[in-house]
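Asker: Protein chains in written order, with our numbering: chain S, 8 to 373; chain G, 8 to 373; chain A, 8 to 373; chain B, 8 to 373. Where is the CB? At the ideal position from N, CA and C, for every residue including glycine. These numbers come from a predicted model, not from an experiment. Following this message is one structure expressed as structure tokens.
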């Protein structure tokens, strides 16, 4: 069917292949009156862009967003907002050799069986190139969430291969190319990545995203739960293999008396739930965590087949990040923002008349 | 908005509160011609039912399903299939005391803020009672998947609090009340649960689900990925805090050369991916894993507030499982089956004409 | 796929066959806090009910609605509202003879080809019995529209076979069994229907519906236009063959200077548009008109085929209205109300923050 | 919410304002393997284009379609197909005067109240410019329907103001600028239009569309009926005020014995139903008819208001068709094709396994 649209009320329909003429999206359902201009997309697209450092791939895609519709005199009008990014730096010849090969860990084999045809240039539709438009659409959601509700969404890397943060200082996350929350570890990360690149291998990563400022009440039972929608959104990102909300898999070994978050007039005593109960926001910080598998494209040869069933040795010589998770941080943030904006509109649709309830408990005790 | 419907082409709309007159669902989009009778629901509903052993809660709900529509002379007709289960054993008086209290770890506070009103009887709509209808609807999907495609979905407990299986024998899973894959550990589990119950506390659990027999090609890029839909489906189950596909969070510390699954004419060499690449099934076993938090309803008192903002001490005296994850196994299986059936129909809609592709690689090397 | 759900944000999923155990619906997305009880459905279901007079069919279905969920202490809670009506007066033997026959003008032949199976009892799912649940769901929408927005939806018959109203007095519509707006014609209608019944034939009808009190701004460009959604809703009623908004087909022969509605501070000068411009309400009365074909079930024999391809003569001896359009008036009203409520919620979702615009023009000049 | 997407399984999301940088659409859900190139859109876009004759407006929009995605080496790949048309001939200065005015018969007043802001350039989003993308997307549907199922969709004008066809010859429809089925009347139409243009006034039109070659079985009860979806699709076209299926409003005055279509092994005796029974295709020709109101933009002055509530006299001096219905013929065809393709995929999803039923009755008796 048609599965290139994300969201229910605030929808994002993306299109485009990695090495086609362009990628783009149509954002539908945006409230009117939001100031918006092409420059609003620059910062997050730069954060996502390849070529940010020597630890991500060396492609220098311009990623200049053109706004084709939905904005008049710098303000959204309520009509669909189409965004376009021309593909400028695609060197299709890099991929010519593997057109008929199934690259292990990639979607080559599965697209071939699903569609009977595939665009092999740079992974075609299955390339992470598509996430550019998620980040762009996410910029609109983030802006609206902040202006209208004071909600802020921020991510950081919480694991790189075997390495975990030795401390947490949110102010340094944007100051290093790893979105890492502990500045002192950056040299260690750099040398880890350098040796990884030399070895021709790759590694996975974990990204944490936190959204603050949510009111209690966003999210919908039963199949529109805030955490359920987040899981779908985050798992839909290329290379993601796991999603947690709050304490996630650690909850399995916890006692109930340990996991449940006490409430008092001074606030919630803790946030094991991650800001969601019964699929609805509590007003605490929304906490989620995402597992990225290691990059599948390696210089190291691997046994595989071609489309005729003959054995081949696949070696990927194109430019690829040795850890796709690093620059996935802004993508995860974008998906969380898209879910939140959609849920905000959904809440307003059904419960727009509900008088604010009391008591409202502070997100955290002092 | 309206979020009580699951699925796109094979949809399940559930309704009902824990202690209301009835719960039920409408299953829409089922292909015509599938034999179906009330007895088809008995086995899985019994597997899910409370009162199965002393380790789950002592409520003995009959859960007899009445088929109200969509079946004529024992065969589905293509029209919506409505299923009804009357609530017979609801003792609302058990809950009278906590009507005005917010139980920590429950949806009381969030429903209150979302809707300005809530049905406090047994958790109302937020109760796991709703999952009865997921299991019932899942029976239809499981039957169709097996009859039409030879697909089988099976789950087991893979962690109970701190305990993990010491072995894996699928034949014993249905032979013990824990859905545990290693028979020798059952006495240990029983004594663990007994001491837990005495302490008044609860614990989390992890459930693994495996689906075998899928053809390659099910699942849809980009926002309808098989793994994305599974994540949404499983995270929508009460008390779930995490979802993994394939190696899940373990992928983070893996090398790319370790994670990617080599392919040869003899088959895939491994299944780190969990049967999904690019959101589309590979034909290997689909593997997912789900984290359940510990039950929030405890005999142990906890600090909280009432709806007037006054401090209260909450003690739950009703009948509750000390580990909700145990009888969640058939619920997880049902959700996986619902996703697979929906994806099978979606695949047929768009790609019904695509000629079967070659080569088709065996799911696993001998 | 699954097409038994109507609406986007306020959804109605109906189920049930004419002679199955029950019919029902699930209403999802209703705002919380609306008073609702079983008695709220009685009046409109009685208006729709068969057996209202000798001019409609003689079946006396009780149509008592049971509320299964979504209401607590007489007030909606925001969770899905399930409604159930048991079928009590189905005499399946009436239909035994025609089980294998295709009745011309009915859905027998088309269901047979679509599904390869059909429930022949009383038309099965294709029976107008299903519209009972539309009327029931419509009662919820009508109540909310009136309480929340002061919107009222009213219908009347505007043509019965060749007869058109000789005058219009809204106060008499509910005072005669034809929903006819001119009392003096009622004897003429009665004798027309009596002679029609004697002849064994049937006739078509036209129903007009007017909704008053709408604010300007409801309805959505481009594919969610208020008039587009009305057309879908009304055309989905059994036996409908045409839908008009405002001047409808009469617009074809009009001049632009005649059709467009002048605006001044005193109000709109006319309402040729029927209260919709660009798919969005103007604040004037919403006017639509619906064409019902004559009943296809006749005592007069007709040439047809059976499922084996053999010629048969079909004679329908069951109880059938000689004009289905008469009691379709409350069904049309219900569908208009469902569309309006859905659009009201959709408008609130996207434009809930938009400050009320000026000038607001009176619906009609004094 | 987000209402710029048409269809369920074969979806078209359009974007763009009349005088913005571009208009475009994303077509999602197209089966893979369909040959497609930019030239496939030329013929129908030319049929729709302004400037075709002196009887339509004098704007000469190039309307060259660029395919941005979803096609690889001339064949669809199953991924979303984005189409882009740059706006080249927009003279925004024509509209400067009426920026603050509400033009009667247009969506100016309603957009103002809905969104609190509007793009006044050429009608912005409410312009019929958007229908360009419907026609483009329709070309894909038409091609697939013809190649895969042998279905052909053709329209013609069946009324122009007061004038109706004096004969019907399908072969002349494409030979005159009015899509008129009787060649001898063309001079009469030309002089009618000339005098209309001189008067500064406009007139309505009726368009008939016929689709031939449908199998029995397409369309879905209850809210996805083929006729219901057609009604929504056609009513969503700018300036449409009425939709009929089969005999439409004429059915109201018909007797049942006259309306129902007898069936025999030789075929259906007639086609009053218009090829749909119970919302499902019969295999006969699908017949529908659409009423277009007269153009609202006139040189004749009209009383109105500006956004400040002050009275204004509106005179439209831009280039406008005196009868928008004439070039609406290919738009109506496109919408019918989009509905049919969507229904074909929906049918395949649920009933892809149903064995072809017998008997299959010829569409019409010899």
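Just the chain S side, please: which residues come within less than 8 Å of residue 368 of chain G by C-beta, in chain order?
Answerer: Here residue 368 of chain G corresponds to residue number 361 of the second chain, with the count starting at 1. Within 8 Å Cβ-Cβ: 116, 312.
Asker: Is the segment 319-331 of chain A touching the segment 272-289 of chain A in the sense that three or more CB pairs, one from each, lie closer than 8 Å?
Answerer: With the cut-off at 8 Å, the segment 272-289 of chain A and the segment 319-331 of chain A do not touch.
Asker: Determine, for residue 352 of chain G, whether the minimum Cβ-Cβ distance to residues of chain B falls below 9 Å.
Answerer: Here residue 352 of chain G refers to the residue found at position 345 when the second chain is read from its first residue. It does; some Cβ of chain B falls within 9 Å.
Asker: Quickly, what does DSSP pair residue 288 of chain G with across the bridge? List them, please.
Answerer: Start at 1 with the first residue of the second chain, and residue 288 of chain G comes out as number 281. According to DSSP, residue 288 of chain G bridges with G:283.
Asker: List, from N- to C-terminal side, the alpha helix (DSSP H) runs of 4 residues or more that fit wholly inside the segment 171-242 of chain S.
Answerer: Correct list: 193-206, 233-242.
Asker: With a threshold of 16 other CB atoms inside 10 Å of the CB of residue 228 of chain B, please say whether the residue is buried or exposed.
Answerer: One-based indexing of the fourth chain puts residue 228 of chain B at position 221. Buried is the call here.
Asker: Let me see if you follow: with CB-CB separation under 9 Å, is residue 42 of chain A close to chain G or not?
Answerer: Walking along the third chain from the start, residue 42 of chain A turns up at place 35. So, not an interface residue.
Asker: For the segment 114-148 of chain G, which residues have a CB atom closer than 7 Å to at least one CB atom of chain S, in sequence order?
Answerer: Of all residues in the segment 114-148 of chain G, 114, 116, 117, 118, 119, 120, 121, 122, 123, 132, 133, 137 have a Cβ within less than 7 Å of some Cβ in chain S.
Asker: Any Cβ of chain A within less than 9 Å of the Cβ of residue 361 of chain S?
Answerer: For the purposes of this step, residue 361 of chain S is taken as the residue at position 354 of the first chain. Yes, its Cβ sits closer than 9 Å to a Cβ of chain A.
Asker: Which partner residues does residue 262 of chain A have in the DSSP bridge list?
Answerer: In the third chain, residue 262 of chain A corresponds to position 255, counting from 1. DSSP lists B:210 as partners of residue 262 of chain A.
Asker: Under the rule that 16 or more other beta-carbon atoms within 10 Å means buried, what is residue 78 of chain B, buried or exposed?
Answerer: The residue labelled residue 78 of chain B in the question sits at position 71 within the fourth chain. With 16 or more other Cβ atoms within 10 Å, it is buried.
Asker: Which residues in chain S sit within 8 Å of residue 337 of chain G, going by Cβ to Cβ distance?
Answerer: As a first step, residue 337 of chain G must be located in the second chain, where it is residue number 330. Ordered by position in chain S, no residue passes the 8 Å Cβ test against residue 337 of chain G, which lies about 17 Å from the chain.
Asker: First and last residue of the alpha helix (DSSP H) that includes residue 340 of chain S?
Answerer: The sequence position of residue 340 of chain S within the first chain is 333, counting from 1. Taken as a continuous stretch (DSSP letters only), the alpha helix (DSSP H) holding residue 340 of chain S covers 336-358.
Asker: For residue 295 of chain S, does the three-state DSSP call read helix, strand or coil?
Answerer: Residue numbering aside, residue 295 of chain S sits at position 288 when the first chain is read from its first letter. Residue 295 of chain S falls in the strand class under three-state DSSP.
Asker: Assign residue 315 of chain G to buried or exposed, taking buried as 16 or more other Cβ atoms, counted over all protein chains shown, within 10 Å of its Cβ.
Answerer: Sequence index remark: in the second chain, residue 315 of chain G carries index 308 (1-based). So residue 315 of chain G ends up on the exposed side.
Asker: On the DSSP letters alone, give me the boundaries of the beta strand (DSSP E) that residue 18 of chain G sits inside.
Answerer: As a position in the second chain, residue 18 of chain G is number 11, starting the count at 1. Here the beta strand (DSSP E) through residue 18 of chain G covers 18-22.
Asker: Would a C-beta distance cut-off of 9 Å place residue 12 of chain G and residue 226 of chain S closer than the cut-off?
Answerer: Position 5 of the second chain, counting from 1, holds the residue named residue 12 of chain G. Position 219 of the first chain, counting from 1, holds the residue named residue 226 of chain S. For residue 12 of chain G and residue 226 of chain S, no; Cβs fall outside 9 Å.
Asker: Are the CB atoms of residue 217 of chain B and residue 160 of chain B nearer to each other than 9 Å?
Answerer: In the fourth chain, the residue the question calls residue 217 of chain B occupies position 210. In the fourth chain, the residue the question calls residue 160 of chain B occupies position 153. Going by C-beta atoms, residue 217 of chain B is nearer than 9 Å to residue 160 of chain B.
Asker: Hey, residue 370 of chain A and residue 291 of chain A are a contact pair by Cβ (cut 8 Å); roughly how many whole angstroms apart?
Answerer: For this step, residue 370 of chain A is matched to residue 363 along the third chain. For this step, residue 291 of chain A is matched to residue 284 along the third chain. With a Cβ gap of about 4 Å, residue 370 of chain A and residue 291 of chain A count as contacting.
Asker: Once DSSP output is grouped into helix, strand and coil, what is the label at residue 368 of chain A?
Answerer: Residue mapping note: residue 368 of chain A aligns to position 361 of the third chain, counting from 1. Residue state, collapsed to three classes: coil.
Asker: List, in order along the chain, the chain G residues whose C-beta lies closer than 8 Å to that of residue 299 of chain S?
Answerer: On the first chain, residue 299 of chain S is found 292 positions in, with the first residue counted as 1. Within chain G, the residues near residue 299 of chain S are 258, 259.
Asker: Quick check: residue 300 of chain B and residue 207 of chain B, are their CB atoms within less than 9 Å of each other?
Answerer: Counted from its first residue, the fourth chain places residue 300 of chain B at position 293. Counted from its first residue, the fourth chain places residue 207 of chain B at position 200. Contact: no.
Asker: Per DSSP, which one or two residues make a beta bridge with residue 30 of chain G?
Answerer: Within the second chain, numbered from 1, the residue matching residue 30 of chain G stands at position 23. Bridge partners of residue 30 of chain G: G:92.
Asker: If you follow the beta strand (DSSP E) that residue 150 of chain B is part of, which residue opens it and which one closes it?
Answerer: Looking up residue 150 of chain B in the fourth chain gives position 143. Taken as a continuous stretch (DSSP letters only), residue 150 of chain B belongs to no beta strand (DSSP E), being part of the alpha helix (DSSP H) at 138-151.
Asker: Could you tell me whether the Cβ of residue 30 of chain G comes closer than 9 Å to any Cβ of chain S?
Answerer: Translated into the one-based positions of the second chain, residue 30 of chain G becomes position 23. Not closer than 9 Å to any Cβ of chain S, the Cβ of residue 30 of chain G fails to qualify, so no.
Asker: Work out the CA separation of residue 368 of chain A and residue 91 of chain S for me, nearest whole Å.
Answerer: Along the first chain, read from residue 1 onward, the residue named residue 91 of chain S stands at position 84. Along the third chain, read from residue 1 onward, the residue named residue 368 of chain A stands at position 361. Using only the alpha carbons, I get a separation of about 40 Å.
Asker: Could you work out which residues of chain B lie near residue 84 of chain S, taking near to mean beta carbons separated by less than 9 Å?
Answerer: Position 77 of the first chain, counted from the first residue, corresponds to residue 84 of chain S. Chain B residues near residue 84 of chain S: 24, 118, 122, 124, 125, 126, 131, 132.
Asker: Please name the residues in the segment 232-262 of chain B whose beta-carbon is closer than 7 Å to at least one beta-carbon of chain S, in chain order.
Answerer: The residues in question: there are none.
Asker: Comparing the C-beta of residue 330 of chain B with each C-beta of chain G, is any distance below 9 Å?
Answerer: Taking the first residue of the fourth chain as position 1, residue 330 of chain B is located at position 323. No - not a single Cβ of chain G is within 9 Å of the one on residue 330 of chain B.
Asker: Express the C-alpha separation of residue 240 of chain B and residue 271 of chain B in angstroms, rounding to a whole number.
Answerer: As a first step, residue 271 of chain B is located in the fourth chain; it is residue number 264 there, counting from the start. As a first step, residue 240 of chain B is located in the fourth chain; it is residue number 233 there, counting from the start. Cα to Cα, residue 271 of chain B sits roughly 33 Å from residue 240 of chain B.
Asker: For the beta strand (DSSP E) that contains residue 161 of chain A, what are its first and last residues?
Answerer: Your numbering for residue 161 of chain A matches position 154 in the third chain. Where residue 161 of chain A is concerned, the enclosing beta strand (DSSP E) stretches over 159-167.
Asker: How big is the Cα-Cα spacing for residue 49 of chain G and residue 186 of chain G?
Answerer: Stepping through the second chain from its first residue, residue 49 of chain G is reached at position 42. Stepping through the second chain from its first residue, residue 186 of chain G is reached at position 179. About 18 Å.
Asker: Just verifying my parser: in three-state terms, what is the DSSP assignment at residue 154 of chain B?
Answerer: By 1-based counting over the fourth chain, the position of residue 154 of chain B is 147. Three-state DSSP puts residue 154 of chain B in a helix.
Asker: Could you have a look at residue 248 of chain A and say whether DSSP puts it in helix, strand or coil?
Answerer: Residue numbering aside, residue 248 of chain A sits at position 241 when the third chain is read from its first letter. Of the three classes helix, strand and coil, the one that applies to residue 248 of chain A here is strand, per DSSP.
Asker: When you check each C-beta in the segment 190-222 of chain A against every C-beta of chain S, which residues fall closer than 8 Å?
Answerer: Cβ contacts with chain S: none found.
Asker: Can you tell me which of the three DSSP states residue 256 of chain A falls into?
Answerer: The residue given as residue 256 of chain A occupies position 249 in the third chain. Three-state DSSP puts residue 256 of chain A in a helix.
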